[in-house]
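In what follows, a single structure is set out as structure tokens and then discussed.
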Amino acid sequence: MFTLIGLAFRNVLRNKGRAGFTVGAIAFGVMMTLMLGSFVIGLGNAMIDDVVNGKVGALQVHRKGYDDVRENQPLDLDFAQTGEVIEKVKRVPGVTAVSPRLVFSGLAANGSQSTMVIATGIDATLENKVLPDANAFLTGKAVDASAANGVVFGMDLAAAMALTAGSGGTLQAASKNGQQNALDFELRGTLNSGNAFESKRTVLVPLKWAQELLGMDGRITELAVATRDRESIDEVASGIRAALGPDYEVQTWKQLRPNVDDVVNFQRMVLTAICLVFLVIAIIGVVNTMLMAVLERTREIGTMMAVGMRRGKITVLFLLEAAALALIGVASGLAVSLAVIFAIADKGGVPAAAPGSTAIYHIVPAVPFYLLAPTILLAGFGTILAGVYPSWRAARLNPVDALRST
Amino acid sequence: MALVQLKGIKKSYQLGKTEVVALKGVDLTIEKGEFTVVMGPSGSGKTTLLNIIGCLDRANSGSYKLDGEEIGHRDFNDLAEVRNRKIGFIFQNFNLIPVLDVVENIEFPCVIRGEDRKALRARTLKIAAEVGLTPYLKQKPDELSGGQRQRVAIARALVTEPQLVLADEPTANLDSTTADQIIDLMLKLNSEHGVTFLFSTHDPRVMEHARRVVRIHDGVMEDGTEAAALEASRLHAAMAH
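Going down the list, the protein sequences come from chains A and B. Reminder that position 58 of the first sequence reads as 44 in the numbering used here, one-by-one numbering, no gaps. Position in the second sequence counted from 1, then plus 29, gives you the numbering used here.
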């Protein structure tokens, strides 16, 4: 014995070619949305990971006013490397690691030429906890406690100064009171940060070496902070602000690298637009199929009306047919795309360069809930919605005219 | 007792810019248990009349009482309910639902009104046996002959236990042997179940068996039981020669 749902499925399958084409269109829309979406989200994640885990950390702490003059790498807005400030930050819930830094500008020389650089003194052990991916694009060796004067240059900077791993030079910088000092360094490695400016100007040096160079023993200008997860960053930032009071400023990675956040948001906006186009194409296919079904089955609809089927039930029958198309289409689209996405993710993703970057990331496609749920809901309800007009037309047929049709 | 009472039924409709008057004040009474034929030339209004009696269409004016109840002015869903409960239809083109098998097609009008399925199945199998469909219960319409399809349509019309069965040219698409079998079957059901049958047909064999023939011409009804039955008999004899 049949039910209305069973009848809907049988009606959908009575013209297998057309049903296949329509289901294919819905599945294609779902597949393109999920696959494209997973890669765009994967690329965005890679870019954010690069910033959060490889460059600036989840958030940074400075003395009040530092951000206004950040370009000058001010040394007078310094604070103690150990003590009350860093302890307060560590105690904020969600903070997993804190790395002290001393950022300064200087002049790197190789004996025949010199160039302006922006150097960051780091404690390699703590820095690796805050920025576990900092050395993802490193060639050679990283800054390390075992090499007191071992430094890392941006890839383009090293190339411009004809420096290679093991070669040396001097780094000159002014202390807080303007006194110039210079120390010899040995180049341990080069870093392809993916950003042209950083690649031409960045130098990483051991924190103690930087403090010696600048005469700032035990002093730093920056704390890079890692958080439990990305979702808790804003909450942790508020916690640190509350703990440190008005003398310090806390900035999240979004504030420190707004361009990355903008790019990621723009990518997702474009993705949404493209996905909507795919879904609209699929939905138009459904409308077409359903209208054809109404046209072809006009006499059948008339017969149903003649034997007493109410308009509401006829509407429901056609909506159920749209729902059946949606179910089969969405399910098959999901199955294929998730299989492909998980297979690629399982192999570690695909290599690609982020926009404006020369660094190669491994994009691991991701299907977060905020991609999966709207795709299923939009494709599913969109398809059912596409059945509304044809269903309405079917239900509004005059039984006499419908029975007369050939 | 009157099952169908039409008084002053008028029906016109627009055909492009022209108003076509299909029925010009029809009066007709059909008693319960009658086996009646409506005959008339093409365009005489007999299909419009059957559509109104079958609650598929509504008259512009006049009164229509079915089983004593005035139903001429009910809305679409009310009329659907009346069709489902009180009227069975047999169409010239059988009008079966192709994705349903024989049993499902027969049960369709009862399933859509949410009837208890166990009792329904028992009744369906009984009617299917009466119309000779027992060997074909799981067949789809496209696996059946024309006569078998019309038997399914007859069973579907009867399964709801209606008071009135309307048959619009039910033998028009059947060969003569099959048509005879179908007519005999409907006569048998009429006498055994007491269901009222109303036909629209040109088939003289149907008219031969009709206990009453009513003529319609240019939207006006003439009730000529004996004369029409005689005419039908003569026509049938002429065709046989």
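Where a beta carbon is used, it is the ideal one built from N, C-alpha and C, also for glycine.
Just checking my contact of residue i with residue j at CB under 8 angstroms: how many whole Å lie between their CB atoms?
| i | j | result |
| --- | --- | --- |
| residue 465 of chain A | residue 365 of chain A | No statement about residue 465 of chain A is possible, as the shown extent of chain A runs from -13 to 392 and does not include it. |
| residue 209 of chain B | residue 240 of chain B | Residue 209 of chain B to residue 240 of chain B, Cβ: 18 angstroms. No contact. |
| residue 57 of chain B | residue 91 of chain B | Between residue 91 of chain B and residue 57 of chain B the Cβ distance is about 11 angstroms, and since that is not below 8 angstroms, they are no contact. |
| residue 230 of chain B | residue 198 of chain B | 5 angstroms |
| residue 187 of chain B | residue 222 of chain B | 7 angstroms |
| residue 64 of chain A | residue 255 of chain A | Their Cβ separation, rounded to whole angstroms, is 41 angstroms, which puts residue 64 of chain A and residue 255 of chain A out of contact at 8 angstroms. |
| residue 50 of chain A | residue 232 of chain A | 7 angstroms |
| residue 389 of chain A | residue 292 of chain A | 6 angstroms |
| residue 209 of chain A | residue 47 of chain A | 4 angstroms |
| residue 138 of chain B | residue 185 of chain B | 6 angstroms |
Quick check on residue i: does DSSP put it in helix, strand or coil?
| i | result |
| --- | --- |
| residue 203 of chain A | coil |
| residue 222 of chain B | helix |
| residue 150 of chain A | coil |
| residue 102 of chain B | coil |
| residue 265 of chain B | No answer about residue 265 of chain B holds up, because its pLDDT of 47 lies below 50 and its placement is not dependable. |
| residue 52 of chain B | strand |
| residue 220 of chain A | helix |
| residue 107 of chain A | strand |
| residue 235 of chain A | strand |
| residue 28 of chain B | Here chain B comprises residues numbered 30 to 270, so residue 28 of chain B is not present and cannot be evaluated. |
| residue 168 of chain B | coil |
| residue 200 of chain B | coil |
| residue 270 of chain A | helix |
| residue 6 of chain A | helix |
| residue 30 of chain B | coil |
| residue 295 of chain A | coil |
| residue 171 of chain A | strand |
| residue 260 of chain A | helix |
| residue 190 of chain B | coil |
| residue 83 of chain A | strand |
| residue 350 of chain A | coil |
Does the distance from the C-beta atom of residue i to that of residue j stay below 7 angstroms?
| i | j | result |
| --- | --- | --- |
| residue 81 of chain B | residue 33 of chain B | no |
| residue 168 of chain A | residue 156 of chain A | yes |
| residue 88 of chain A | residue 206 of chain A | yes |
| residue 187 of chain A | residue 72 of chain A | no |
| residue 294 of chain A | residue 148 of chain B | no |
| residue 19 of chain A | residue 212 of chain A | no |
| residue 246 of chain A | residue 37 of chain A | yes |
| residue 54 of chain B | residue 246 of chain B | no |
| residue 222 of chain A | residue 80 of chain A | yes |
| residue 140 of chain A | residue 172 of chain A | no |
| residue 119 of chain A | residue 39 of chain A | yes |
| residue 305 of chain A | residue 368 of chain A | no |
| residue 161 of chain A | residue 200 of chain A | yes |
| residue 66 of chain B | residue 236 of chain B | yes |
| residue -6 of chain A | residue 268 of chain A | no |
Between residue i and residue j, what straight-line distance do the alpha-carbon atoms span, to the nearest angstrom?
| i | j | result |
| --- | --- | --- |
| residue 371 of chain A | residue 107 of chain B | 28 angstroms |
| residue 253 of chain A | residue -4 of chain A | 42 angstroms |
| residue 386 of chain A | residue 119 of chain B | 14 angstroms |
| residue 242 of chain A | residue 67 of chain A | 22 angstroms |
| residue 275 of chain A | residue 311 of chain A | 10 angstroms |
| residue 94 of chain A | residue 170 of chain A | 10 angstroms |
| residue 383 of chain A | residue 141 of chain B | 18 angstroms |
| residue -10 of chain A | residue 303 of chain A | 6 angstroms |
| residue -8 of chain A | residue 113 of chain B | 21 angstroms |
| residue 260 of chain A | residue 363 of chain A | 17 angstroms |
| residue 165 of chain B | residue 299 of chain A | 29 angstroms |
| residue 255 of chain B | residue -12 of chain A | No answer about residue 255 of chain B holds up, because its pLDDT of 42 lies below 50 and its placement is not dependable. |
| residue 251 of chain B | residue 243 of chain B | 6 angstroms |
| residue 170 of chain B | residue 161 of chain B | 15 angstroms |
| residue 216 of chain B | residue 135 of chain B | 19 angstroms |
Answer with buried or exposed for residue i, where buried requires no fewer than 16 other C-beta atoms within 10 angstroms of its C-beta.
| i | result |
| --- | --- |
| residue 301 of chain A | buried |
| residue 283 of chain A | buried |
| residue -1 of chain A | exposed |
| residue 126 of chain B | buried |
| residue 99 of chain A | exposed |
| residue 132 of chain B | buried |
| residue 348 of chain A | exposed |
| residue 230 of chain A | buried |
| residue 377 of chain A | buried |
| residue 146 of chain B | exposed |
| residue 44 of chain B | exposed |
| residue 196 of chain B | buried |
| residue 270 of chain B | Low per-residue confidence applies at residue 270 of chain B: pLDDT is 43, beneath 50, and the placement is therefore not dependable, though the value from the model is reported in the following sentence. Residue 270 of chain B is exposed by the Cβ-count criterion. |
Note down, in chain order, every chain E residue with its Cβ under 7 angstroms from the Cβ of residue i.
| i | result |
| --- | --- |
| residue 137 of chain B | Of the protein chains in this structure, namely A and B, none is chain E. |
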